[in-house]
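Residue 570 in our numbering sits at position 100 of the sequence shown; the count goes up by one each step and never skips.
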Amino acid sequence: MSTITTRPVREDTGHHDVRNAWLSMLLLPVAFVLAFMVGEGLASLLGHPVGGTVEPPLWAILASSVPALLVFFLPAVVSAWFARRADRQGDRRGWVPAGILTLVAVGFVGLNLAAHFGAEVMMG
């Protein structure tokens, strides 16, 4: 006689995904540091170190800023992925951390753009 063992089906998968959506908020400080390193590193590799006296051309700004922004948005993407998994199982609570991370990322980009364009307006 043989016995068949099966793994029990987890009923709390949605709760697990909600927890992971919240835990993905811990990626924010890591993403911040990595985005800073990517942006500054690419700018330096392109020959336009930060704090230089010459304003870099638009292509150099975009080439260093876009990858850095993608790295900074990564925690929001991870959180939204877990929120969507939880939502498919009827648990919508995962959208709270995903929304918070998205607002933080968009707000960070907005503040940087405002600081950059505000400095240009102040300089003339």
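Even glycine gets a Cβ: it sits at the ideal position worked out from N, Cα and C.
Validate contact between the segment 504 to 519 and the segment 535 to 549 using beta carbons, cut 8 angstroms, 3 pairs:
yes
Quick one: is the Cβ of Val520 within less than 7 angstroms of any heavy atom of the ligand GTP?
This structure lacks the ligand GTP, and indeed carries no ligand of any kind.
So, Leu544 versus Leu497, is the Cβ gap smaller than 8 angstroms?
yes
Quick check on the burial criterion: 16 or more other C-beta atoms within 10 angstroms. Buried or exposed for Trp565?
buried
Do you know how far the Cα of Val536 is from the Cα of Ala553?
25 angstroms
Using the Cα positions of Val479 and Ala556, report the straight-line distance between them to the nearest angstrom.
Note on Val479: pLDDT 49, under 50, position unreliable in the model; the coordinate value appears next. Spanning the two alpha carbons is a distance of roughly 16 angstroms.
Give a yes or no on whether the C-beta atoms belonging to Ala568 and Ala513 are separated by under 8 angstroms.
no
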